[in-house]
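Once you know that position 108 of the sequence shown is 175 in this note's numbering, the rest is easy, because the numbers rise by one and skip nothing. Note that the Cβ used here is the ideal one computed from N, Cα and C, for glycine as well. Here the structure is a predicted model, which is why all the values come from computation and not from measurement.
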Amino acid sequence: MRPIDNSDLNELLQRKPILMLDAIGLTINFIETLVRRSPSLITTNNGKKTLPLELWLEILEWTRLWRWPLLVQPQSLEEGSIDALVCASIPKWTRCGYLADDRGIKGPKPQRPFLLPHAPTEASIFKVPITALGQESKLLYGGLTVSDIMARVEDGKRFVCEGNGSICAGCGGGHEITKNFSFDWVCGDCSYQLLCPLCIGLGYAEKSLWVTDDRYEGEEGYLT
Numbered sequence: 068m069r070p071i072d073n074s075d076l077n078e079l080l081q082r083k084p085i086l087m088l089d090a091i092g093l094t095i096n097f098i099e100t101l102v103r104r105s106p107s108l109i110t111t112n113n114g115k116k117t118l119p120l121e122l123w124l125e126i127l128e129w130t131r132l133w134r135w136p137l138l139v140q141p142q143s144l145e146e147g148s149i150d151a152l153v154c155a156s157i158p159k160w161t162r163c164g165y166l167a168d169d170r171g172i173k174g175p176k177p178q179r180p181f182l183l184p185h186a187p188t189e190a191s192i193f194k195v196p197i198t199a200l201g202q203e204s205k206l207l208y209g210g211l212t213v214s215d216i217m218a219r220v221e222d223g224k225r226f227v228c229e230g231n232g233s234i235c236a237g238c239g240g241g242h243e244i245t246k247n248f249s250f251d252w253v254c255g256d257c258s259y260q261l262l263c264p265l266c267i268g269l270g271y272a273e274k275s276l277w278v279t280d281d282r283y284e285g286e287e288g289y290l291t
């Protein structure tokens, strides 16, 4: 996963890949743009009370602690006083946390797992100012992986490890899981603890087999 910047625009509009948008970050960007122009642009309902810029900036800094990640697809470039990349939210997809073997990671099925927004409604449209893409607080991310989507968009829910993060290669369903993810050589061996391949990826999961092997306890690199 990597942040999107202005240099990616042409490719995004041609390929229209699936991206991840921080919707709260987009709202913060909008409010900060207004109050930096003039705090009086945001008032109470009767228009009599405003907040000083310093207080607005403190509120926005606290708000940055929260994230609302959404999957979106770029649609077009809207030109205006400030150009904006128009994105539509992905309405539905097959959850990555449901993957049960390595085939869905190494060689996904030809059927697209995402339902694309062919007729997006106004509520599903997000306009990302081009000027915001170059700022330190990144709003859009591309190059998404299965782990990225599970961790950030699907709230970390995965059904291989049932949220535990690790699997004993010999206990419970560990025998079947290690076999499904092509770690056949440890099937049924309780001396191995496999870190969930959906959580951290196949490569790191394979490395975890030796750093959690009971036979290497006490050696450098061993994980408890």
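Neighbour flag for residue i against chain C, beta carbons, 8 Å
| i | result |
| --- | --- |
| residue 273 | The question asks about chain C, but that chain is absent: this structure has only one protein chain. |
Integer-rounded CB distance, given that residue j should sit under 8 Å from residue i
| i | j | result |
| --- | --- | --- |
| residue 263 | residue 219 | So it is not a contact: roughly 16 Å between Cβ atoms. |
| residue 75 | residue 136 | That belief does not hold up - the Cβ atoms of residue 75 and residue 136 are roughly 18 Å apart, past 8 Å. |
| residue 236 | residue 194 | Wrong, their Cβ atoms sit about 49 Å apart, outside the cutoff. |
| residue 68 | residue 215 | 4 Å |
| residue 147 | residue 265 | The pair is not a contact, with the Cβ atoms about 42 Å apart (cut-off 8 Å). |
| residue 158 | residue 119 | Actually they do not touch by this definition, with Cβ atoms about 41 Å apart. |
| residue 197 | residue 149 | 7 Å |
Outcome for residue i when other beta-carbon atoms lying within 10 angstroms are tallied against a minimum of 16
| i | result |
| --- | --- |
| residue 250 | buried |
| residue 291 | Bear in mind that a pLDDT of 48 at residue 291, under 50, signals an unreliable position, so the model cannot answer this. |
| residue 288 | Its pLDDT being 47, under 50, residue 288 is placed unreliably in this model, and the value from its coordinates should be taken loosely. That one is exposed. |
| residue 99 | buried |
| residue 107 | exposed |
| residue 51 | One cannot answer for residue 51 here, as it falls past the ends of the chain, which runs 68 to 291. |
| residue 186 | exposed |
| residue 275 | buried |
| residue 260 | buried |
| residue 241 | buried |
| residue 248 | buried |
Helix, strand or coil at residue i [DSSP, three-state]
| i | result |
| --- | --- |
| residue 145 | strand |
| residue 214 | helix |
| residue 179 | coil |
| residue 153 | strand |
| residue 240 | coil |
| residue 165 | helix |
| residue 225 | coil |
| residue 106 | helix |
| residue 170 | helix |
| residue 82 | helix |
| residue 266 | helix |
| residue 89 | strand |
| residue 74 | helix |
| residue 246 | helix |
| residue 219 | helix |
| residue 133 | coil |
Endpoints, alpha helix (DSSP H) assigned at residue i
| i | result |
| --- | --- |
| residue 272 | 269–278 |
| residue 126 | 120–130 |
Selection from the options that minimises the alpha carbon distance to residue i
| i | options | result |
| --- | --- | --- |
| residue 155 | 167, 86, 268 | 86 |
| residue 93 | 134, 116, 79, 228 | 134 |
| residue 140 | 71, 164, 96 | 71 |
| residue 162 | 272, 124, 212, 258 | 212 |
| residue 256 | 269, 110, 160, 234 | 234 |
| residue 231 | 246, 267, 248, 200 | 267 |
| residue 78 | 138, 209, 203 | 209 |
| residue 179 | 278, 84, 111 | 84 |
Run of the beta strand (DSSP E) containing residue i, from where it starts to where it stops
| i | result |
| --- | --- |
| residue 193 | 192–196 |
| residue 201 | Residue 201 -> no beta strand (DSSP E), and no H or E assigned at all. |
| residue 235 | 233–235 |
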